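Working notes for the structure below.
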Amino acid sequence: MQSMHLPQPDKVARQHSRKLQDKIIQTAMASRNGAIDFAHFMNMALYEPGLGYYSAGTHKFGEQGDFITAPEISPLFAQTLANPVAGVLQQMDQGNIIEFGAGSGILAVNILLALEALNQLPEQYFIIELSASLQQRQQQLIQQQIPHLQHKVCWLNQLPEEKINATVIANEVLDAMPVQRFVIDDNQIQQLFINSKLELQALPASDDLIHAVRHIENELHYQFPDGYSSEINFFIQPWLQSLSDSLNQAAIFLIDYGYHRAEYYSPERHMGTLMCYYQHRSHDNPLWYPSLQDITAFVDFTAVAEAAVQTGFDVDGYTSQANFLLASGLGEIVERQFSDNIQTQLALSQQVKSLTLPSEMGERFKVMALAKNLPQKIPGFELRDFRDRL
Ligand SMILES: C[S@@+](CC[C@H](N)C(=O)[O-])C[C@H]1O[C@@H](n2cnc3c(N)ncnc32)[C@H](O)[C@@H]1O
2 MQSMHLPQPD KVARQHSRKL QDKIIQTAMA SRNGAIDFAH FMNMALYEPG LGYYSAGTHK
62 FGEQGDFITA PEISPLFAQT LANPVAGVLQ QMDQGNIIEF GAGSGILAVN ILLALEALNQ
122 LPEQYFIIEL SASLQQRQQQ LIQQQIPHLQ HKVCWLNQLP EEKINATVIA NEVLDAMPVQ
182 RFVIDDNQIQ QLFINSKLEL QALPASDDLI HAVRHIENEL HYQFPDGYSS EINFFIQPWL
242 QSLSDSLNQA AIFLIDYGYH RAEYYSPERH MGTLMCYYQH RSHDNPLWYP SLQDITAFVD
302 FTAVAEAAVQ TGFDVDGYTS QANFLLASGL GEIVERQFSD NIQTQLALSQ QVKSLTLPSE
362 MGERFKVMAL AKNLPQKIPG FELRDFRDRL
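In structure tokens, the structure reads:
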């Protein structure tokens, strides 16, 4: 379990990982085949209560963590996103916001401040967070930074039982959902499992996985060659179904790294899109110290659009993060904040570059907006809309 270019975790961290490894081994031993499928493993690695990467109390986001997300890079991200969010809240009767997987809580803080300035605060700002330690961290940040808006924020473990109207925000949430992995071997679809020796093992695929792989091949009019390996996220459809069941009027902003299907499953991407992050280093070994590293997969936005239509949403827009931010007023916001101070100017221009340059987050990250029962189109896609690629 060594990986040459990764820093060696300290003893306490290794012991923590060992506890989760033992639990994974026990679960695999108790399973049919003596192994658990990859999505089950990824779910344990990220979300096993008290032990998983997101469930335990390590730092994760920002400079001292393992990766950095757009809301952590700059408040400009939240301030800009607040414009289309305000636009849809205006269209809603008693509109709320629901943020999934709110990370450190910084996006909630900056969106609420921007909406307050726009005089468009939501009824409530709900946060649905799987990780108890992150919930705590978010509560602290909100208490410290926006005590006067604290009464607006409410943490939920699941969607409200009564139907409500809401704008949903999910920044880098879909990529953190567990995926199934497949590999083509001798023209057969094999599924990747983790056995009780904590090794990857290819076994005959489940009917669901075979069906999903064949669907992709049919849609793309091409057959995956031998050796081709990739991922499929089976959690998106039920997640959107639960949102559709709980919301009357809805606007959903999905922001994540991903591609449309032809690009996601292109012949060149024959190793799939799974990535692991540890202290700002990326690699592709999900078995390296489970619980100490993040494991993610890119999003197939065509699959998201298919699931959206099946669950009663319209796909209102799909574009790159750069196009979305520029169409949503990033330029004007930066202009207003510009000052004579050279440090401020440099910091702002560096942040804009990180959020919008193709070599940074600008192109790799996409924004998709889903609508239900809204009188007008969701704003933010006026510059370029890539829905024809889906
Ligand atoms: C990569 S982090 C992104 C955090 C934050 N949104 C940001 O941009 O900094 C992924 C987050 O998604 C959350 N998550 C994943 N699946 C979820 C689900 N089904 N419901 C709620 N949160 C989820 C994780 O707990 C984690 O907080």
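The numbering of the sequence shown is the numbering used here, which starts it at 2 and goes up by one.
All residues carry an ideal CB built from backbone N, CA and C; glycine is no exception.
Just so you know, these numbers come straight off a predicted model, no measurement behind them.
| Asked | Found |
| --- | --- |
| Report yes if the C-beta of residue 363 is less than 7 angstroms from at least one heavy atom of ligand 2; otherwise report no. | Among the ligands in the structure shown, ligand 2 does not appear; only ligand 1 can be found there. |
| Tell me, to the nearest whole angstrom, how far the beta carbon of residue 315 is from that of residue 252; I am working on the premise that it is less than 8 angstroms. | That belief does not hold up - the Cβ atoms of residue 315 and residue 252 are roughly 10 angstroms apart, past 8 angstroms. |
| Quick check: the stretch 282-299 against the stretch 81-93, are there 3 or more CB pairs under 8 angstroms? | no |
| State the start and end residues of the unbroken beta strand (DSSP E) segment that holds residue 132. | Note, residue 132: premise wrong, no beta strand (DSSP E); not H, not E. |
| Measure the C-alpha to C-alpha separation of residue 386 and residue 322 and round it to an integer number of angstroms. | 11 angstroms |
| Would the C-beta of residue 103 count as close to ligand 1, meaning under 7 angstroms from any of its heavy atoms? | yes |
| Would you tell me roughly how many angstroms separate the C-alpha atoms of residue 186 and residue 230, rounded to the nearest one? | 9 angstroms |
| Which stretch, first to last residue, makes up the alpha helix (DSSP H) that contains residue 85? | 76-92 |
| When the distance is taken between beta carbons, is residue 233 closer than 8 angstroms to residue 308? | no |
| May I ask you to report which of helix, strand or coil DSSP gives residue 367? | strand |
| Three-state secondary structure (DSSP) at residue 216? | helix |
| Buried or exposed: which applies to residue 35, given that a residue is buried once 16 or more other Cβ atoms fall within 10 Å of its Cβ? | exposed |
| Compute every distance between the C-beta of residue 177 and the non-hydrogen atoms of ligand 1, then say whether any falls below 7 angstroms. | yes |
| Distance check for residue 290 and residue 19, CA to CA, integer angstroms please. | 8 angstroms |
| Thinking C-alpha only, which one of 155, 193 and 120 is nearest residue 137? | 155 |
| Return the bridge partner residues of residue 39 from the DSSP annotation. | Its beta-bridge partners do not exist; DSSP assigns none. |
| Quick check: the stretch 168-179 against the stretch 93-100, are at least 3 beta-carbon pairs closer than 8 angstroms? | yes |
| Are the CB atoms of residue 113 and residue 147 nearer to each other than 8 angstroms? | yes |
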